[in-house]
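Chemist: Following our numbering, the residues of the sequence shown are numbered contiguously, the last one being 426.
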Amino acid sequence: MKTAAVICEYNPFHFGHRYQIDTIKRTFGSDCRVIAIMSGCFTQRGEPAIFDKYTRAESALRCGCDLVLELPLPHSMSGADFFARAGVYIASSIGVVDLLFFGSECGELARLQTVAERMSSNEFRQACAEARVTDKGAQTGRLRDEIYRRLWGDEPILSGSNDLLALEYLRALNRFGSAIQPYAVKRVGGEYNSTDMPTGISTGEMSESSFGTNTSLDKRTAPLPRFASATAIRNAILSGSILSDGELMDLLPDKSAELARREIESGRIHSLSKLDKIVSAFIRLRGQDFDNCIEGSASIGARLRKAAAEYSTVDDIVDASVERRYSASRVRRVLLGGMLGIKMSDCDELPAYTNLLGANAVGRELLAEIRKTSRLPVVTRISEIKSLGERARAQLELEKRAAGLYALSCDAPQSPADILRSRPVMV
0 MKTAAVICEY NPFHFGHRYQ IDTIKRTFGS DCRVIAIMSG CFTQRGEPAI
50 FDKYTRAESA LRCGCDLVLE LPLPHSMSGA DFFARAGVYI ASSIGVVDLL
100 FFGSECGELA RLQTVAERMS SNEFRQACAE ARVTDKGAQT GRLRDEIYRR
150 LWGDEPILSG SNDLLALEYL RALNRFGSAI QPYAVKRVGG EYNSTDMPTG
200 ISTGEMSESS FGTNTSLDKR TAPLPRFASA TAIRNAILSG SILSDGELMD
250 LLPDKSAELA RREIESGRIH SLSKLDKIVS AFIRLRGQDF DNCIEGSASI
300 GARLRKAAAE YSTVDDIVDA SVERRYSASR VRRVLLGGML GIKMSDCDEL
350 PAYTNLLGAN AVGRELLAEI RKTSRLPVVT RISEIKSLGE RARAQLELEK
400 RAAGLYALSC DAPQSPADIL RSRPVMV
């Protein structure tokens, strides 16, 4: 019996995510156990997750996952390298994971491994370091592409969002000397950052063979072969353009759609725009904090302060601060990082513990195994963290600040204590 891990956000859990779990089950059997290592309150795009982490964990459990562990801050809200490194560290540390599955635009593991090995070479790293000194205004991605082409010919470095993460997963596996076997699943559906909804797609009855023998996965008619991206789904939910249960269920698996509907009707939709006044006030009062926070600099801090003097919404401030060195995602990460007091050095630290977010019956058996094999604490309540040392207490303090800010990012009244004291979901 194999155990597979998926490092994810499930923001929200959609058909593409279920396709990945289906692929795992078809490849290694319906008894293959699936662990999701999932972001908590904030995501890599520098935004609050649209639904809270326990709702997203429940969606994952009801759609094929067996166990959900948290990928904590600051790593869940960092660039691909730190995000991947922390996720792989958790997967490697718990002692039960055989396989790591990840999405990929190219879907070619051998090609990904070749590029990852070249990117880890001293030659490539030295060339990147020199280029950053001579071309300080360049975006990291463009610089890496140019250096890669110069060293190894015309073959471009992979640039899809999932491919870039895949490269970092492979590099992290190598860095930790992990025996976990990587598997790339070719991405099916809209591009990661696409805001377009699929149009003119065909529908087809999902057969029993599509889901192995896992009867927890619904087999109704669903959009095939193109799925909407998480970005497009979030935009549709936040804009209110999804008006009926039928429309929601065209985009999400049944159980995920039911939970999404519950959160929507309860006003528990989280969005960065809900923090407009808080963000603009913070920049005006504490603008210097962005100079030295995660991915921050004096230059980006100055741009944010100038933008906040003219605009009062997060979207406008971000748009005014973006330039060739700073993508919108990076600007948002800087905004939240400054408000949460996250320093770049915090990303250098590996997670001191991971929170258990949820489990099903198989996951509870798996958790019992992890308790015996893991060198990383898996905690279920705050009281367990106090005895884990200084690094764990620092991680908890950041978790508390994040819960406080996250609670303000939706219309429904929420307290940070409610988020922190929530118990793992058991299904």
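Every residue gets a Cβ at the ideal spot worked out from N, C-alpha and C, and that includes glycine.
1) Could you spell out the range, first to last residue, of the beta strand (DSSP E) harbouring I6?
2) Could you pull out every residue in the same chain whose Cβ sits closer than 7 Å to the Cβ of F100, ignoring the five residues on either side in sequence?
3) Just the Cα atoms here: how many angstroms apart are R285 and E396?
4) Is the number of C-beta pairs between the region 335-344 and the region 399-412 that are closer than 8 Å three or more?
5) Beta strand (DSSP E) containing G28: first to last residue?
6) Within 10 angstroms of its Cβ, does T372 collect 16 or more other Cβ (buried), or is it exposed?
7) For S38, which of helix, strand or coil comes out of DSSP?
8) Using DSSP bridges, identify the partner residues of L157.
9) Quick check on the DSSP output: the beta strand (DSSP E) that includes F100 runs from which residue to which?
10) Quick one: what's P181 bridged to in DSSP?
11) What is the DSSP secondary structure of F210, counted as helix, strand or coil?
12) Considering Cα atoms alone, identify which of L407, V424, S414 and D318 is closest to R363.
13) With DSSP as the reference, label P73 as helix, strand or coil.
14) Over what stretch of residues does the beta strand (DSSP E) that includes T353 continue unbroken?
15) Could you check where the alpha helix (DSSP H) with E389 kicks off and where it finishes?
16) With 16 as the cutoff for other CB atoms within 10 Å, does A416 come out buried or exposed?
17) CB Y405 to CB D51, shorter than 9 Å?
18) Looking only at DSSP bridge pairs, what is E322 linked to?
19) With 16 other CB atoms within 10 Å as the buried threshold, where does A178 fall?
20) Indicate whether R44 and R267 have their beta-carbon atoms separated by less than 9 Å.
21) Report all residues from its chain with a CB closer than 6 Å to the CB of L250; omit the five preceding and five following residues, and keep chain order.
22) My assumption, with CB atoms under 8 Å, is that F12 sits in contact with C62. Please give the rounded CB distance.
23) Given A115, which residues of its chain have a CB within under 6 Å of its CB, disregarding the five upstream and five downstream residues?
24) Tell me which same chain residues have a C-beta within less than 6 Å of the C-beta of D288, skipping the five on either side of it?
25) Report the three-state DSSP secondary structure of P415 (helix, strand or coil).
26) In whole angstroms, what is the alpha-carbon distance linking W151 and D318?
27) How about the region 35-42 and the region 319-327: do they share at least three Cβ pairs that are nearer than 8 Å?
28) Please name the residue or residues paired with V87 in a DSSP beta bridge.
29) Is it buried or exposed for Q394, if we count other Cβ within 10 angstroms and need 16 for buried?
30) Only counting the same chain, and skipping five residues up and downstream in sequence, which positions put a Cβ closer than 7 Å to that of T42?
31) Entirely within the region 248-288 and at least 4 residues each: give me those alpha helix (DSSP H) ranges in chain order.
32) Could you tell me which of L98, E46, G39 and A83 sits nearest to L68, measuring between CA atoms?
33) Please classify S238: is it buried, with 16 or more other beta-carbons within 10 angstroms of its beta-carbon, or exposed?
34) Between T230 and V333, what straight-line distance do the alpha-carbon atoms span, to the nearest angstrom?
35) Going by DSSP, what residues sit across from M425 in a beta bridge?
36) Would you kindly check if the distance between the Cβ of L247 and the Cβ of D65 is under 9 Å?
Modeler: So, to answer that:
1) Mapped onto the sequence shown, residue 6 falls at position 7. For I6, the enclosing beta strand (DSSP E) starts and ends at T2 to C7.
2) Numbered from its first residue, the sequence shown carries residue 100 at position 101. Exclusion of the five residues before and after F100 leaves A3, V5, Q19, I23, Y182 and V184 as the residues of its chain whose Cβ lies within less than 7 Å of its Cβ.
3) In the sequence shown, residue 285 corresponds to position 286, counting from 1. In the sequence shown, residue 396 corresponds to position 397, counting from 1. Taking C-alpha positions only, R285 is separated from E396 by approximately 20 Å.
4) Yes, since at least three Cβ pairs between the region 335-344 and the region 399-412 fall closer than 8 Å, the two stretches touch.
5) Indexing the sequence shown from 1 puts residue 28 at position 29. From DSSP, G28 is part of no beta strand (DSSP E); its letter is neither H nor E.
6) Working through the sequence shown from its first residue, we reach residue 372 at position 373. By the Cβ-count criterion, T372 is exposed, with fewer than 16 other Cβ atoms from all chains shown falling within 10 Å of its own Cβ.
7) Stepping through the sequence shown from its first residue, residue 38 is reached at position 39. The three-state secondary structure of S38, taken from DSSP, is strand.
8) Position 158 of the sequence shown holds residue 157. L157 pairs with nothing; no bridge assigned.
9) Position 101 of the sequence shown, counted from the start, is the residue given in the question as residue 100. L98 to S103 is the span of the beta strand (DSSP E), which, as asked, contains F100.
10) Indexing the sequence shown from 1 puts residue 181 at position 182. The bridge partners DSSP lists for P181 are L99.
11) Here residue 210 is taken as the residue at index 211 of the sequence shown, counted from 1. Note that F210 scores a pLDDT of 32, beneath 50, so its modelled location is shaky; the value from the coordinates is reported in the next line. Three-state result, F210: helix.
12) Here residue 363 refers to the residue found at position 364 when the sequence shown is read from its first residue. Per the Cα distances, V424.
13) Within the sequence shown, residue 73 is the residue found at index 74, counting from 1. Reduced to three states, the DSSP call for P73 is coil.
14) As a position in the sequence shown, residue 353 is number 354, starting the count at 1. Bounds of the beta strand (DSSP E) holding T353 are T353 to A358.
15) Taking the sequence shown and counting its residues from 1, the one referred to as residue 389 is at position 390. For E389, the enclosing alpha helix (DSSP H) has its first and last residue at E389 to A406.
16) Residue 416 sits at position 417 when you count from the first residue of the sequence shown. Exposed, by the Cβ-count rule.
17) In the sequence shown, counting from the first residue as 1, residue 405 sits at position 406. In the sequence shown, counting from the first residue as 1, residue 51 sits at position 52. Cβ atoms of Y405 and D51: closer than 9 Å.
18) The sequence position of residue 322 within the sequence shown is 323, counting from 1. In the DSSP output, where bridge partners are listed per residue, E322 has Y325.
19) For the purposes of this step, residue 178 is identified with residue 179 of the sequence shown, where counting begins at 1. Exposed is the call here.
20) Residue numbering aside, residue 44 sits at position 45 when the sequence shown is read from its first letter. Residue numbering aside, residue 267 sits at position 268 when the sequence shown is read from its first letter. No, the Cβ-Cβ distance between R44 and R267 is not below 9 Å.
21) As a working note, residue 250 is residue 251 in the sequence shown. For L250, the CB contacts under 6 Å within the same chain, skipping 5 residues up- and downstream, are A227 and I232 in chain order.
22) Position 13 of the sequence shown, counted from the start, is the residue given in the question as residue 12. Position 63 of the sequence shown, counted from the start, is the residue given in the question as residue 62. Sure, about 6 Å apart at Cβ, within 8 Å.
23) Against the sequence shown, residue 115 aligns to sequence position 116. Scanning its chain for C-beta atoms nearer than 6 Å, with the 5 sequence neighbours on each side dropped, one finds around A115 the residues L166, L169 and R170, in chain order.
24) Within the sequence shown, the letter at position 289 stands for residue 288. Contacts found: G337.
25) In the sequence shown, counting from the first residue as 1, residue 415 sits at position 416. Three-state DSSP puts P415 in a helix.
26) Along the sequence shown, read from residue 1 onward, the residue named residue 151 stands at position 152. Along the sequence shown, read from residue 1 onward, the residue named residue 318 stands at position 319. Distance between the alpha carbons of W151 and D318 is about 36 Å.
27) Touching, no.
28) Sequence index remark: in the sequence shown, residue 87 carries index 88 (1-based). Residue pairing for V87: DSSP places it in no beta bridge.
29) Working through the sequence shown from its first residue, we reach residue 394 at position 395. By the neighbour-count rule (16 or more Cβ atoms within 10 Å), Q394 is buried.
30) By 1-based counting over the sequence shown, the position of residue 42 is 43. These residues qualify, in order along the chain: E8, N10, A48, S75 and M76.
31) Complete alpha helix (DSSP H) runs here, min 4: 253-264 and 275-285.
32) Here residue 68 is taken as the residue at index 69 of the sequence shown, counted from 1. Looking at the Cα atoms, G39 is the closest of the given residues.
33) Locating residue 238 in the sequence shown gives position 239, where the first residue counts as 1. Its Cβ having fewer than 16 others within 10 Å, S238 is exposed.
34) Working through the sequence shown from its first residue, we reach residue 230 at position 231. Working through the sequence shown from its first residue, we reach residue 333 at position 334. Whole-angstrom Cα-Cα distance: 20 Å.
35) Taking the sequence shown and counting its residues from 1, the one referred to as residue 425 is at position 426. According to DSSP, which records beta bridges pairwise, M425 is partnered with A358.
36) The sequence position of residue 65 within the sequence shown is 66, counting from 1. The sequence position of residue 247 within the sequence shown is 248, counting from 1. 9 Å or more divides the Cβ of D65 from the Cβ of L247.
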